[in-house]
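Counting from 1, one number per residue, gives the positions in the sequence shown under the UniProt record's numbering.
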Amino acid sequence: MGYFRAIVLDTRTLALGVFSISYYNRKMLFQLLSFLFIFAFIHQTSAEDDPRIKVCDSSTNNTLDSAFSSNLGIALKTLQNNTAQTGFSFTTISASNSSQSVTALALCRATITESECQECMDSAVLSIRRVCPDQTTAQIWHTYCMIRYSSRNFIDNADSSLAFSLFDQREVPNPTTFDQTVNSLTVNLAVLAGKSGKRFAVAKMKVISSDIYLYGYVECTRDVNGESCTKCLLSLRSYMMTCCSGRWAIWVGAPTCSVQVNLDPVHKDWETAVDISTLLAPEMPPESETESETGGSHRKLIYLKIGAVAGVGGAVMTIIVVVLIVVLTRKGRSMRFVGDDANALRNNQGVDMRSFLFDLDVLIAATDNFSTKNMLGRGGFGTVYKGRLQDGREIAVKKLATNSMQGKEEFENEVRVLLKMQHRNLVQLFGCCVQERERILVYEYLPNKSLDKFLFDKSKSAILDWPKRLNIIMGVARGLLYLHRDSVLRIIHRDIKASNILLDHQMNPKISDFGLAKLFHDEQSRHRTRQIAGTFGYMAPEYAIRGFLSVKSDVFSFGVLLLEIISGRKNYDRQLEAENQELLKLARRLEEEGRLMELVDVTIGTYPEEIALRCMQIALLCTEDFIEDRPTMSATLSMLSNSSVAIPSVTESPDHYEGDDDDRDNAGRREQFTRNSITFSLQDGR
């Protein structure tokens, strides 16, 4: 692939930038117009006379009076009329002579308004005919929209070949930590965009060891599937890390996708972007190794560092479970149901939900008007408060954020599911309140809060001696088995982690937070979803990357949790040496070296070594890369409770796997997964 350097002066800003431009498919010569590209370096309106980047294929031409030119005019007019409403459109004009056919596609930045999109499209439709007047293949990028056309049909075919790479010449103060942040942010956004219906993601993240924010925006054309989108973005990200290290702002693009990062929040969506720094571990680890997915290599490696992100770009949504809608209105201090919805409150077992409803005034009084002094914690969808009812019962009150958009049907479903779940290792739901704009869940109050408060605090971890830890392990296993096999509604929890395991006054565990729960039919059921929800690091790789969800997803999470309980370590801990930061990777290495017992938390005190070793071996089995290699929760509980039950050894090599399951879309694919990072190596079958 050829390269040349271009120096471009923007006469409107007098800003000088040096950019690296590449050939596109070895045919298209990239040229910059006489203005700086500035996607991110200056503020400007969406209306532009000239594109920021143009790609005009000079290998094939048409004349203005040709049939192709006529069809192109029709196609561009169609895009101009149809794109603004949804931000994306494509069209194909067929002809008996294939060289006269036209396929055209348009995409607007997902966060702009319809009028802004229309304004950009009006300019782009005119400018692409002007700057690429006689080409049969062309693509242009304005600041807020893009148009691509060709005589060949490219719809549904992802093209991640580099089209352009632009960067600000200014260098950042600390390139090493900046590059680590660029890597972390772009990989997070790449995965989220693949799961977003609009194939985009936007967020900001604090640069490691600083108070400076890095802003990012990624997008793909919406004709490609989620996996292709993520792969395209990761391909660009790999190039970014080599071309543009330590640069203040970067914009790289391919025909199907583009990535933008900047230390200046020059776009409106960056000013309001979700800060994913607070949702991640304190710092992201440096990328240990990167090898791009270029052709000619028999072994392809991709290393992903993925943070525990919730609620970014619409990609992470709450999906709960099962049945019916309740509509509540308030009349005076009482509540009533509207119309036939009173009948909808009764499920097929005849349970009347009205007996579980709390009046808002009661909860206001119980929590001292949701006073901050009673606040127990804050999560992605709301805040939890401690309260005391008039009868003396202590309660935990989860007040959902009014802007969380957890719909009333989903809220009703969560309530119905939890009211049906009766098990000593599941948190008990007392009821709910749906009044005015409030949606509130009322749970039993558990004084010892969550497991992570003890497990990862060395001043408290000694409280968790071996009997207590084993009791917690067994309790969580029993709770999951109940959800998977024994409950009226069979549930995949999807968010098993230390902070979702609550502890009662005797340190008995109770699984909590069913906001992401999913119904399934039986233990063999598998779902594929584009709406990934949960905590990266506890999520099984086939679910985090490709959206395959099954009970084995919970099994994987349980395995990670089991290792944390015995080791007293977080599944990713940057405070440790680089080779020991990722718990799952460390455990696998110690197992191979016959030193797994070194992982046991020294604060446990005395413990039976044989049982502790067995528990860790079961944990590693639960976190096997392939779904089929993991046990069910029933098998897991049997192995934990009965030492005579053999632990299967997984000896199958990825190079010798034989099977046709759709979640192994590449025979011999091996995926390794760790907290706040997904590390997976892709091995081509021989």
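Just so you know, even glycine gets a beta-carbon here, dropped at the ideal spot from N, CA and C.
The model shown is predicted, which means the values in this text are computed figures rather than measured ones.
Please determine, among the options, the residue with the shortest C-alpha to C-alpha distance to residue i.
i: I566; options: L620, K552, L363; result: L620
i: L470; options: P608, Y572, S512; result: P608
i: A273; options: R237, M240, I250, G216; result: G216
i: V384; options: D391, K399, K373; result: K399
i: S70; options: Q139, D134, S450; result: D134
i: L214; options: W248, A401, S238; result: W248
i: L441; options: L586, Q428, D211, S151; result: Q428
i: N374; options: I364, T86, G387; result: G387
i: A587; options: V362, D457, D513, C615; result: C615
i: C232; options: W251, A158, N262; result: A158
i: L418; options: P467, D513, V434; result: D513
i: I93; options: S150, T111, S123, I53; result: S150
i: S245; options: A190, P175, G253, V252; result: P175
Give the straight-line distance between the Cα atoms of residue i and residue j, rounded to the nearest whole angstrom.
i: S165; j: E114; result: 28 Å
i: N642; j: R478; result: 14 Å
i: S66; j: M146; result: 24 Å
i: M507; j: I472; result: 8 Å
i: N580; j: M639; result: 28 Å
i: T221; j: N183; result: 22 Å
i: A106; j: G194; result: 19 Å
i: N500; j: N571; result: 15 Å
i: V131; j: G73; result: 15 Å
i: S160; j: E582; result: 31 Å
i: F370; j: G515; result: 21 Å
i: S238; j: S459; result: 42 Å
i: S649; j: D629; result: 9 Å
i: M241; j: T186; result: 10 Å
i: S553; j: A544; result: 10 Å
i: V555; j: K585; result: 17 Å
i: E591; j: L464; result: 24 Å
i: L576; j: G377; result: 27 Å
i: S209; j: G226; result: 33 Å
i: F520; j: M633; result: 15 Å
i: K198; j: T83; result: 13 Å
i: I155; j: A75; result: 14 Å
i: V102; j: V261; result: 33 Å
i: F90; j: V224; result: 12 Å
i: I364; j: Q435; result: 12 Å
i: A104; j: R595; result: 59 Å
i: T623; j: Q80; result: 50 Å
Is it true that the CB of residue j sits closer than 9 Å to the CB of residue i?
i: M205; j: D275; result: yes
i: H493; j: A517; result: yes
i: F178; j: C243; result: no
i: F358; j: C432; result: yes
i: K497; j: T529; result: no
i: P255; j: R148; result: yes
i: Q139; j: V218; result: no
i: C117; j: T143; result: no
i: K510; j: G547; result: no
i: D573; j: S461; result: no
i: L426; j: L637; result: no
i: D625; j: S557; result: no
i: L561; j: Y538; result: yes
i: F200; j: A110; result: yes
i: E542; j: I647; result: no
i: T230; j: A190; result: yes
i: F456; j: R569; result: yes
Going by DSSP, which residues form a beta bridge with residue i?
i: Q617; result: None; Q617 has no bridge partner.
i: F548; result: R528
i: V442; result: V397, G431
i: Y572; result: E582
i: K275; result: Checking the displayed sequence, the identity of residue 275 turns out to be Asp instead of Lys. Beta-bridge pairing links D275 to K204.
i: T91; result: A104
i: A138; result: C56, Y149
i: M375; result: Y385
i: S450; result: L502
i: L426; result: I511
i: L464; result: DSSP output for L464 lists no bridge partner at all.
i: K518; result: I492
Relative to the ligand PLP, is the shortest distance from any of its heavy atoms to the C-beta of residue i smaller than 8 Å?
i: Y239; result: Among the components modelled here there is no ligand, and therefore nothing to report on the ligand PLP.
Enumerated in chain order, which unbroken segments of the alpha helix (DSSP H) with a length of 4 residues or greater are wholly contained in the UniProt domain "Gnk2-homologous" (160-266)? 175-195, 226-243
Beta strand (DSSP E) segments (min. 3 residues) lying fully within the segment 472-514: 501-503, 509-511
Length at least 4, wholly inside the segment 594-639: the alpha helix (DSSP H) runs in chain order: 609-622
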